[in-house]
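Heads up, the thing below is written out as structure tokens.
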Amino acid sequence: MRSLCRGIASSIRRTRRKQEKGANGNNHMEEENYGAAVDCYTRAIELDPNNAVYYCNRAAAQSKLDNYSEAIKDCERAIAIDPKYSKAYGRMG
Numbered sequence: 001m002r003s004l005c006r007g008i009a010s011s012i013r014r015t016r017r018k019q020e021k022g023a024n025g026n027n028h029m030e031e032e033n034y035g036a037a038v039d040c041y042t043r044a045i046e047l048d049p050n051n052a053v054y055y056c057n058r059a060a061a062q063s064k065l066d067n068y069s070e071a072i073k074d075c076e077r078a079i080a081i082d083p084k085y086s087k088a089y090g091r092m093g
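Position one of the sequence shown corresponds to residue 1 (UniProt numbering), numbered consecutively onward.
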């Protein structure tokens, strides 16, 4: 039972970290601090590599930095994760 509780607590902490990294990335985007946004989304992706939103958001930041090839790769990854995620298609241009 203890190991189950520890596992649940660990999962909750990990979920919070993912959400914080994503939210921090969003804040950096609003402040037009795109390099920091890329860093935050990258950390969020490391915590949750199957989250299409993080890839798509990082693509937006990459585009603002004129890193278009990286932005396209992120959009393609988002689409691979969720083929119905229309925002990723739109961000590809």
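Just so it is clear, CB atoms sit at the ideal spot from N, CA and C, and this is done for glycine as well.
Indicate the three-state DSSP secondary structure (helix, strand or coil) for residue i in the structure shown.
i           : result
Ala9        : Here the model assigns Ala9 a pLDDT of 43, short of 50, so the residue's position is not dependable and the matter cannot be decided.
residue 114 : The displayed coordinates of the chain run from 1 to 93. Any statement about residue 114 would go beyond what the structure contains.
Tyr85       : coil
residue 102 : Outside the displayed range of the chain (1 to 93) lies residue 102, so it cannot be described from this structure.
At which residues does the alpha helix (DSSP H) containing residue i begin and terminate?
i     : result
Leu65 : Run containing Leu65: none; DSSP gives neither H nor E here.
Gly93 : Neither: Gly93 is in no alpha helix (DSSP H) and is coded neither H nor E.
Are there 16 or more other CB atoms within 10 angstroms of the CB of residue i, so buried, or fewer, so exposed?
i          : result
residue 95 : Lying outside 1 to 93, the shown extent of the chain, residue 95 is not represented and no answer is given.
Tyr41      : buried
Gly35      : exposed
Once the 5 residues before and after residue i are set aside, which same chain residues still bring their CB inside 8 Å of it?
i     : result
Ile79 : Ala52, Tyr85, Ala88, Tyr89
Ile81 : Asn50, Asn51, Ala52, Tyr55
I'd like the list of long-range same chain contacts for residue i, defined as Cβ closer than 7 Å, with 5 residues on each side in sequence excluded.
i     : result
Ile72 : Met92
Do you know whose CA, among the options, lies nearest residue i's CA?
i           : options                    : result
residue 127 : Ala37, Leu47, Glu31        : Beyond the ends of the chain as shown, which are 1 and 93, falls residue 127; an answer cannot be given.
Glu31       : Tyr68, Glu70, Lys64, Ile45 : Lys64
Asn27       : Glu76, Asp74, Arg58, Leu47 : Arg58
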